[in-house]
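All remarks here apply to the structure that follows.
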Amino acid sequence: MSNGRRQIQTGHEDAIIAEFINWTELNGHPRYELVARPDPPDVLLRSSSRYMWVELTDVYRSGEEAHEERALVTPSEQHFHHSEHPILSPDARTAEALVRVIKVKISMDSYLAAFEQYGPGVLICCERDPLFDGDTLQRIVETLHDTVNELDAVDRGFFKEVYLYERSGNGRPATFHRLLAFTSKERIRHLAYELYEKRGRQHGHDLDDWLKAENEIKGGA
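Letter 18 of the sequence shown, counting from 1, is numbered 18 in this note's numbering, and no numbers are missing.
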């Protein structure tokens, strides 16, 4: 990533995190402040009593649309226009792209250190769809419902919630939609299995693995 694009991306993330902090406070949570950018995860927040780590990711319907938007906002890059006009099945493809992004993020091992230190984190998926509306959100909810077993199969247990950030537009204010909330039982099961794998898949320690994972999860909740 070029320096110009990196600066723009950082500013984009800072703006979304500021909105998330305000949104969580309005919904009855403590006031957080940004204290670090470990990378990964993207940001570490702190309230008066706890830490929360957050990973952000943009969701584009296609690579061409991502290229077009990023080139448009980066002064040093040549403008690019995606070739698909009109866009076919926009809602379904945005939903499918979101599921792909979530699968990648929840299956990654790079959040283990943050998880072990601060407990499970939050994933914010930022929609980058100029056609986004209520129908798109409904299609996303339906697609997630249909793919929940696929997501469960790859989940490493490092995230407790997944949010969709909806940009302001057409008279609507920006907001956050909670798409997924992983239960403690699911996270315990995934972490226990990870302990089993680290031990070389030796049998006979199922209860020990479960109790150790349970202590880690509930200690960081």
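Even glycine gets a Cβ: it sits at the ideal position worked out from N, Cα and C.
Closest by C-alpha distance to arginine 5, when choosing among Leu72, Pro90, Pro30 and Arg46: Residue numbering aside, residue 5 sits at position 5 when the sequence shown is read from its first letter. The residue with the shortest Cα to Cα distance from arginine 5 is Leu72.
Exposed or buried, which one is valine 54 when buried takes at least 16 other CB atoms within 10 Å? Position 54 of the sequence shown holds residue 54. Valine 54 comes out buried.
Can you give me the C-alpha to C-alpha distance between phenylalanine 231 and serine 47, rounded to a whole angstrom? Lying before the first or after the last residue shown, residue 231 is absent from the chain, which here runs from 1 to 221.
In this structure, does DSSP put alanine 174 in helix, strand or coil? Counting from 1 along the sequence shown, the entry for residue 174 is found at position 174. Three-state DSSP puts alanine 174 in coil, outside helix and strand.
Count the other CB atoms within 10 Å of the CB of aspartate 42; is the residue buried (16 or more) or exposed (fewer)? The residue you call residue 42 lines up with position 42 of the sequence shown. Aspartate 42 comes out buried.
For asparagine 215 and proline 130, what's the separation of their Cα atoms in angstroms? Your numbering for residue 215 matches position 215 in the sequence shown. Your numbering for residue 130 matches position 130 in the sequence shown. Between asparagine 215 and proline 130, the C-alpha separation is close to 44 Å.
Alpha carbon to alpha carbon, what distance is there between leucine 98 and proline 86? Within the sequence shown, numbered from 1, the residue matching residue 86 stands at position 86. Within the sequence shown, numbered from 1, the residue matching residue 98 stands at position 98. The alpha-carbon atoms of proline 86 and leucine 98 are separated by roughly 21 Å.
Please determine, among Ser76, Leu179 and Leu211, the residue with the shortest C-alpha to C-alpha distance to valine 141. Taking the sequence shown and counting its residues from 1, the one referred to as residue 141 is at position 141. It is Leu179.
State buried or exposed for leucine 56, treating a residue as buried only when at least 16 other CB atoms are found within 10 Å of its CB. Working through the sequence shown from its first residue, we reach residue 56 at position 56. That one is buried.
DSSP three-state call for threonine 147: helix, strand or coil? If you number the sequence shown from 1, residue 147 lands on position 147. In this structure, threonine 147 counts as coil in the three-state DSSP scheme.
Could you check what DSSP says for glutamate 33 in three-state terms: helix, strand or coil? In the sequence shown, the residue the question calls residue 33 occupies position 33. If DSSP states are grouped into helix, strand and coil, glutamate 33 belongs with the strands.
Whose C-alpha, out of Leu195, Gln202 and Arg201, is nearest the C-alpha of tryptophan 210? Residue 210 sits at position 210 when you count from the first residue of the sequence shown. Closest by alpha carbon: Leu195.
Would you list, in sequence order, the uninterrupted beta strand (DSSP E) runs of no fewer than 3 residues that lie entirely inside the stretch 42 to 75? 43 to 46 and 51 to 59
Please state the DSSP three-state secondary structure of glycine 204. Reading the sequence shown from its first residue, position 204 is the one you call residue 204. Reduced to three states, the DSSP call for glycine 204 is coil.
Could you check if aspartate 208 is buried or exposed, using at least 16 other CB atoms within 10 Å of its CB as the buried criterion? Looking up residue 208 in the sequence shown gives position 208. So aspartate 208 counts as exposed.
Decide if aspartate 91 is buried, meaning its Cβ has at least 16 other Cβ atoms within 10 Å, or exposed. Your numbering for residue 91 matches position 91 in the sequence shown. Its Cβ being crowded by 16 or more others within 10 Å, aspartate 91 is buried.
With C-beta atoms as the reference, is histidine 82 less than 8 Å away from glutamate 96? As a first step, residue 82 must be located in the sequence shown, where it is residue number 82. As a first step, residue 96 must be located in the sequence shown, where it is residue number 96. Not closer than 8 Å, so no.
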